[in-house]
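A.B. asks:
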Amino acid sequence: MMKLGIVGWRGMVGQVLMERMTAEADFKHFETTFFSTSQKGETNPIKAPNSNPVLQDAYDISALKQMDVILTCQGGDYTKKVHAELKAAGFKGFWIDAASTLRMEKDAVIILDPVNKNVIKTALLNNQKEFIGGNCTVSLMMLAIGGLLESDSVEWITSMTYQAASGAGARHMNELLKQMKFVTDAVMSEGENLSDQILQVEKNVKVLLGDPKFPKENFGYPLAFNLLPWIDSELDNGQSKEEWKACAEANKILQSKTLIPIDGTCVRVSAMRCHSQALTIKLKKDIPIDEIESMIREHNQWVKFIPNNKSSSMEFLTPEYASGNLEIPVGRVRKMNLGPTYLNAFTVGDQLLWGAAEPLRRMLHILLEH
Ligand code: HSE
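Numbering (the working numbering), first residue to last: 120 to 489.
Now the structure itself:
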């Protein structure tokens, strides 16, 4: 049986991964050791079959080296600290990682198997060992329009994103709730039916968002009753790092021979855990809309094609619907007034499932098949 070491199982992505691995009975295929950065020697709280009852030290290179596969959701700092040291110590196993640290390394593969299983299989045959989950927004977009990408129908894409608080982390999600409470508690303290005074209430809300006690130590700014049109660091070319990832990662996932330009503006909104994206897709030629629908629908079993009407869009094409759900709703699909090769689409997906945990656990199964 393959020896699997898991690091970072307690964080938000780790918890979602543990839920999914338990639901799919993944642990039965492995002898699993849970590693911890802070609780070595304590009892392993995860009820997984064939697992070591004691937590091991996540910095113990010789213990990690005994594993056939290490799967980490511990974050980029851990990867930076441990991965190179482990390789230098002669680790020959597989490294599966949720963090972005190794993603663009030459020998690392970005894993999104419904889109690039052929790339993953080729990498395994080439003895590559590093398999890294993609940026959530990129993975969700590619699952949504995998059919158009696979048929080589796409000339370029703009992706305008509406990204949930979860992408920033658990503390940020908590802070969003605190921000909402700070405002609603204050403006609704004497009643909730405020429509007669709503212009004054809106002025009060603005003052509260600027109040020195307004909770914003994580986001740095109000997200509640607001949006933040910048995600991640600033690059010299005017893009945010999150915007840069779309083109760089998508083309790496596909191993495209000809680069597909992808660019847009990434925006944080007050959804909890699902990222949405409005796409403009420039097609290489005029493809009838029913063929486009079929390509999108038939590409993978998770795409949920939403008819382009108001009620279906409001019901199924939302973060609320997609939350906790492996489905990838894709809708608002129509030709744009810009011309017959310009396609409009909107898509949503759970940032913690397909955007983070799911490709990692599926990689374990690909290793079992290998
Ligand atoms: N960078 C993403 C975000 C999450 O901030 O929403 C991780 O892919």
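Even glycine gets a Cβ: it sits at the ideal position worked out from N, Cα and C.
Once you ignore the five residues that flank Leu-313 on each side, which residues in its own chain have a CB closer than 8 angstroms to its CB?
C.D. replies: Same-chain partners within the cutoff: Val-306, Met-307 and Val-320.
A.B. asks: Of all the alpha helix (DSSP H) runs that stay within the bounds of the region 275 to 311, which reach a length of 4 or more residues?
C.D. replies: List check, alpha helix (DSSP H) in window: 289 to 306.
A.B. asks: Would Pro-459 be called buried (16 or more neighbouring beta carbons within 10 Å of its own) or exposed?
C.D. replies: Pro-459 should be labelled exposed.
A.B. asks: Under 8 angstroms by Cβ, that's how I've got Phe-154 and Ile-165 pegged, so tell me the actual separation to the nearest angstrom.
C.D. replies: The pair is not a contact, with the Cβ atoms about 12 angstroms apart (cut-off 8 angstroms).
A.B. asks: Given 8 angstroms as the limit, is there contact between the region 466 to 477 and the region 438 to 446, that is, 3 or more CB pairs closer than that?
C.D. replies: Taking 8 angstroms as the limit for Cβ pairs, the verdict is that the region 438 to 446 does touch the region 466 to 477.
A.B. asks: Do Leu-123 and Leu-190 count as a contact pair if the criterion is CB distance below 8 angstroms?
C.D. replies: Yes, they are a contact pair.
A.B. asks: Are the region 405 to 424 and the region 371 to 391 in contact at 8 angstroms, needing three or more beta carbon pairs?
C.D. replies: No, because fewer than three Cβ pairs between the region 405 to 424 and the region 371 to 391 fall closer than 8 angstroms, the two stretches do not touch.
A.B. asks: Checking 8 angstroms against the spacing of the C-beta atoms, do Pro-348 and Val-386 come in under that value?
C.D. replies: In contact: Pro-348 and Val-386 (Cβ atoms closer than 8 angstroms).
A.B. asks: Pair every Cβ in the region 258 to 278 with every Cβ in the region 388 to 408, then say whether three or more of these pairs are closer than 8 angstroms.
C.D. replies: Enough Cβ pairs lie closer than 8 angstroms, so yes.
A.B. asks: If you draw a straight line from the C-alpha of Val-467 to the C-alpha of Ser-432, how long is it?
C.D. replies: In a straight line, the C-alpha of Val-467 is about 11 angstroms away from that of Ser-432.
A.B. asks: What does DSSP give as the partner residues of Ser-170 in its beta bridges?
C.D. replies: The partner list for Ser-170 (beta bridge, DSSP) reads Thr-151.
A.B. asks: Mind checking which residues open and close the beta strand (DSSP E) that includes Phe-424?
C.D. replies: Here the beta strand (DSSP E) through Phe-424 covers 422 to 424.
A.B. asks: With C-beta atoms as the reference, is Leu-231 less than 8 angstroms away from Ile-447?
C.D. replies: Contact flag unset, no.
A.B. asks: In the DSSP assignment, what are the bridge partners of Lys-100?
C.D. replies: There is simply no residue 100 to check, as the chain begins at 120 and stops at 489 in what is shown.
A.B. asks: Got a sec: does ligand 1 put a non-hydrogen atom nearer than 7 angstroms to the Cβ of His-394?
C.D. replies: Because some heavy atom of ligand 1 lies under 7 angstroms away, the Cβ of His-394 counts as near it: yes.
A.B. asks: Go through its chain and collect everything with a Cβ distance to Ile-239's Cβ below 8 angstroms, but skip five positions before and after it.
C.D. replies: Within the same chain, Ile-239 has close Cβ partners Val-228, Ile-230, Asp-232, Phe-250, Met-482 and Ile-485.
A.B. asks: Mapping DSSP to helix, strand and coil, what is Phe-213?
C.D. replies: Note: Phe-213 maps to strand in three-state DSSP.
A.B. asks: Curious, which full-length beta strand (DSSP E) runs of at least 3 residues does the region 418 to 475 contain?
C.D. replies: 422 to 424, 447 to 454 and 461 to 469, all fully within the region 418 to 475.
A.B. asks: I'd like to know whether the C-beta of Ala-167 is nearer than 8 angstroms to at least one C-beta of chain B.
C.D. replies: Protein chain content of the structure displayed is limited to a single chain, and chain B is not contained in it.
A.B. asks: For Ile-125, which of helix, strand or coil comes out of DSSP?
C.D. replies: Strand.
A.B. asks: Could you compute how far the alpha carbon of Arg-451 sits from the alpha carbon of Tyr-461?
C.D. replies: The alpha-carbon atoms of Arg-451 and Tyr-461 are separated by roughly 13 angstroms.
A.B. asks: Taking buried to mean at least 16 other C-beta atoms within 10 Å of its own C-beta, is Lys-225 buried or exposed?
C.D. replies: Lys-225 should be labelled exposed.
A.B. asks: For Gly-265, which residues of its own chain have a beta-carbon under 7 angstroms away from its beta-carbon, when the five flanking residues on both sides are left out?
C.D. replies: For Gly-265, where only same-chain residues beyond five positions count, the Cβ hits under 7 angstroms are Pro-233, Val-234, His-418 and Asn-419.
A.B. asks: Could you check the C-alpha separation between Glu-161 and Met-131 for me, to the nearest Å?
C.D. replies: Going from the Cα of Glu-161 to the Cα of Met-131 covers about 20 angstroms.
A.B. asks: What residue range is occupied by the uninterrupted beta strand (DSSP E) comprising Arg-387?
C.D. replies: Here the beta strand (DSSP E) through Arg-387 covers 385 to 387.
A.B. asks: Are the beta-carbon atoms belonging to His-291 and Phe-344 less than 8 angstroms from one another?
C.D. replies: No, Cβ-Cβ distance for His-291 and Phe-344 is not below 8 angstroms.
A.B. asks: Leu-436 to Lys-404, Cα distance in whole Å?
C.D. replies: One C-alpha to the other measures close to 27 angstroms.
A.B. asks: Can you grab the Cα-Cα spacing for the pair Arg-392 / Ala-283, in whole Å?
C.D. replies: The alpha-carbon atoms of Arg-392 and Ala-283 are separated by roughly 5 angstroms.
A.B. asks: Please say whether Arg-453 and Glu-143 have beta carbons closer to each other than 8 angstroms?
C.D. replies: The answer is no: Cβ separation not under 8 angstroms.
A.B. asks: Rounded to a whole number of angstroms, what is the C-alpha to C-alpha distance between Gly-252 and Gly-310?
C.D. replies: The alpha-carbon atoms of Gly-252 and Gly-310 are separated by roughly 47 angstroms.
A.B. asks: If we call anything under 8 angstroms between Cβ atoms a contact, is Leu-342 one with Ser-389?
C.D. replies: Yes, Cβ-Cβ distance for Leu-342 and Ser-389 is below 8 angstroms.
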